[in-house]
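Residue numbers for the sequence shown follow numbering that gives the first Met the number 0, beginning at 0 and rising by one.
Glycine included, every Cβ here is placed at the ideal spot set by N, Cα and C.
Step one of this worksheet: look at the structure below.
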Amino acid sequence: MSQSESEQFDLATQALDAFQIEIPSWGFANTGTRFGKFVQAAAATTIEEKFADAAEVHRLTGVTPATALHVLWDLPNGVADVPRVKDLERVSGVRAGAINPNLFQDQEYKFGSLCNPDAGIRKQAVDHVLDSIEIAKQLGCRDISLWLADGSNYPGTQSIRKRIGWLEEALRTMHDNLGPAQRLLIEYKPFEPAFYHTDIADWGMSSMLARAAGPQARVLVDTGHHYTAQNIEQVVAWLLHTGLLGGFHFNDRRYADDDLTLGSIDPYQIFRIFHEIHSGLADGLGTGIAYMIDQSHNIKGKIEATIQTVVTAQELWLKAALVDREQLAAYQQACDTVAAEELFRGAFWRDVRPLCAAWREQHGLPAEQLTALRASGYVERIGRECGSRSSAVSSYA
Ligand code: RM4
Ligand code: MN
Ligand code: MN
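Structure below.
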């Protein structure tokens, strides 16, 4: 290796060593669209199977030591299920990540959960989140990520302002119950399932609510939860600037909340987001960001799709890490538009796969994750073994 090659490799190693990504337990389960599900033999139907699959992904990629859990789907008995999860953590070597309460599937939530006009239903929802916080405490999980389906479908049918007040009150109660190292991540989404107004519709609302909740509340950016033309990296820059960036749910989309594989439609967008993060980190902003995946693998094999996602995330992360930020800042300052753009674009088009492969080799990981997965026969084995893996499973759609 020449001097500059070895410098680049050191930079790449630093960047890749610093990047871990959390995978969702529900990414291993059968999911579908509201029109139906195509069931896969190898899809996980129990939390044991989800942890086993997550462990396989971590074995191959080395960067997914945690898996996010959905309380209703993974801990249906609430706190009582914690010992079972602890056992699984021990056996699999994968730990529980963000804890996701479920405020959208009970019949009571037809007109909202934390924003429901009925105080009894609001209390039920708050209690569920308090249980989720307790689960997270017992499992040593830092983040509770909150997504609400709340909203209304027709103009004039709900008081938008009253619902803001109820929401603030509920969030303050939750915040008061957090442990000192815990965080409440507030996710937003412009529409669906509510189609007229959604109570937390964008990053501005999430930010204001996080501020109202308290210092341990942050905003969660799901890349699929924006209108088509929205400049997500600008949102990220603002959240870095205000100290409110808590984490991400990565996925890709063509139209709405499509939950497709990260980078499959618009890898440049993820690169641009990562660039904002790298420049924020260089300025001391954005420590503790949770990088998480939130995808629904309806057509692809679950484990393959998860591995593709992780590998793509690493490649885009590395491309953005290798942007010559000093030179870029100089071009920006001089308003040299073309030079700045060419530098930026050049970093995106650079093939970093050899650097990723070298990093994997250095870490004793297979150079080609998908090939290694196929060679391991894991997917065939679990599909054959369980037969049981075809029973019903609770997940969305
Ligand atoms: C939502 C949102 C949440 C996820 C649910 C199932 O659209 O992305 O993060 O938990 O779907
Ligand atoms: Mn999400
Ligand atoms: Mn979503």
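Compare the beta carbon distance of residue i and residue j with 8 Å and say whether it is the shorter of the two.
{"i": "ALA67", "j": "VAL84", "result": "no"}
{"i": "LEU327", "j": "ALA339", "result": "yes"}
{"i": "LEU261", "j": "PHE249", "result": "yes"}
{"i": "GLU21", "j": "TYR187", "result": "no"}
{"i": "VAL125", "j": "THR172", "result": "yes"}
{"i": "ALA14", "j": "TRP316", "result": "yes"}
{"i": "LYS301", "j": "ASP52", "result": "yes"}
{"i": "ALA281", "j": "ARG349", "result": "no"}
{"i": "LEU10", "j": "LEU243", "result": "no"}
{"i": "ILE276", "j": "GLY283", "result": "no"}
{"i": "ILE381", "j": "GLY26", "result": "no"}
{"i": "ILE185", "j": "LEU129", "result": "no"}
{"i": "VAL70", "j": "PHE18", "result": "no"}
{"i": "LYS36", "j": "THR30", "result": "yes"}
{"i": "SER91", "j": "ALA54", "result": "yes"}
{"i": "ALA209", "j": "CYS140", "result": "no"}
{"i": "GLU384", "j": "VAL351", "result": "no"}
Distance check for residue j and residue i, CA to CA, integer angstroms please.
{"i": "GLU360", "j": "ALA366", "result": "6 Å"}
{"i": "TYR108", "j": "ASP198", "result": "13 Å"}
{"i": "ASN76", "j": "PRO353", "result": "46 Å"}
{"i": "VAL337", "j": "HIS240", "result": "26 Å"}
{"i": "GLU232", "j": "PHE343", "result": "14 Å"}
{"i": "ARG253", "j": "HIS362", "result": "35 Å"}
{"i": "SER24", "j": "GLY279", "result": "30 Å"}
{"i": "TYR267", "j": "ALA304", "result": "19 Å"}
{"i": "SER112", "j": "GLY246", "result": "23 Å"}
{"i": "ALA319", "j": "ALA356", "result": "17 Å"}
{"i": "GLY150", "j": "CYS114", "result": "8 Å"}
{"i": "ALA216", "j": "ASP86", "result": "30 Å"}
{"i": "GLU48", "j": "THR12", "result": "32 Å"}
{"i": "GLY287", "j": "ALA211", "result": "21 Å"}
{"i": "SER295", "j": "ILE163", "result": "30 Å"}
{"i": "GLY376", "j": "ILE46", "result": "21 Å"}
{"i": "ASP335", "j": "ASN230", "result": "22 Å"}
{"i": "PRO82", "j": "PHE50", "result": "14 Å"}
{"i": "ALA466", "j": "HIS225", "result": "Since the first residue shown for the chain is 0 and the last is 396, residue 466 is missing from the structure and cannot be characterised."}
{"i": "GLU88", "j": "ALA65", "result": "9 Å"}
{"i": "ASP397", "j": "LYS122", "result": "This structure cannot settle anything about residue 397, because the visible part of the chain is limited to 0 through 396."}
{"i": "GLU341", "j": "ALA228", "result": "23 Å"}
By alpha-carbon positions, which one of the options ends up nearest to residue i?
{"i": "ALA169", "options": "PRO192, PRO116 and GLN181", "result": "PRO116"}
{"i": "ALA371", "options": "GLN7, HIS248, ASP73 and VAL56", "result": "VAL56"}
{"i": "ARG182", "options": "LEU261, THR222, ASP105 and ILE143", "result": "ILE143"}
{"i": "ALA79", "options": "SER131, ALA51 and LEU113", "result": "SER131"}
{"i": "ASN297", "options": "GLN19, LEU10 and ARG33", "result": "ARG33"}
{"i": "PHE270", "options": "LEU10, CYS140 and GLY345", "result": "GLY345"}
{"i": "PRO100", "options": "VAL90, LEU147 and ALA118", "result": "LEU147"}
{"i": "PRO192", "options": "ALA255, GLU341 and GLU379", "result": "ALA255"}
{"i": "TRP237", "options": "PRO214, ALA228 and MET207", "result": "MET207"}
{"i": "LEU401", "options": "ALA329, VAL93 and LEU87", "result": "For residue 401 there is no data in the structure shown, the boundaries of the chain being 0 and 396."}
{"i": "ASP201", "options": "ALA65, PRO189 and GLY287", "result": "PRO189"}
{"i": "LYS161", "options": "PHE37, SER91, THR227 and ALA118", "result": "ALA118"}
{"i": "ASN428", "options": "HIS196, GLU167, LYS122 and GLU6", "result": "The requested residue 428 does not occur in the structure, where the chain is confined to residues 0 to 396."}
{"i": "GLU379", "options": "ALA40, GLN123, ASP16 and HIS127", "result": "ALA40"}
{"i": "SER5", "options": "TRP358, ARG121 and ALA374", "result": "TRP358"}
{"i": "LYS299", "options": "GLU314, LEU369 and GLN332", "result": "LEU369"}
{"i": "MET204", "options": "ALA228, PRO214 and LEU166", "result": "LEU166"}
{"i": "PRO214", "options": "HIS174, ASP257 and THR227", "result": "HIS174"}
{"i": "PHE347", "options": "ARG121, ALA333 and ASP265", "result": "ASP265"}
Let me check you understand the geometry: is the CB of residue i closer than 7 Å to at least one non-hydrogen atom of ligand 2?
{"i": "HIS400", "result": "This structure leaves residue 400 out entirely; the chain is present only between 0 and 396."}
{"i": "GLU186", "result": "yes"}
{"i": "TRP165", "result": "no"}
Any heavy atom of ligand 1 closer than 7 Å to the beta-carbon of residue i?
{"i": "ASN402", "result": "Here the chain has residues from 0 to 396 only, and residue 402 is not among them."}
{"i": "HIS248", "result": "yes"}
{"i": "TRP146", "result": "yes"}
{"i": "ASP475", "result": "The displayed coordinates of the chain run from 0 to 396. Any statement about residue 475 would go beyond what the structure contains."}
Hey, would you say the C-beta of residue i is under 7 Å away from at least one heavy atom of ligand 3?
{"i": "ASP221", "result": "yes"}
{"i": "HIS69", "result": "no"}
{"i": "ASP201", "result": "no"}
{"i": "ASP293", "result": "yes"}
{"i": "HIS274", "result": "no"}
{"i": "ASP251", "result": "no"}
{"i": "HIS224", "result": "yes"}
_I'd like to know if the region 165-181 and the region 130-140 are in contact, where contact means that at least 3 CB-CB pairs between them fall below 8 Å._
yes
*Contact the region 148-162 vs the region 218-234: 3+ CB pairs below 8 Å*: no
_Inter-stretch contact (C-beta, 8 Å, three-pair minimum) for the region 294-310 and the region 253-270_ = yes
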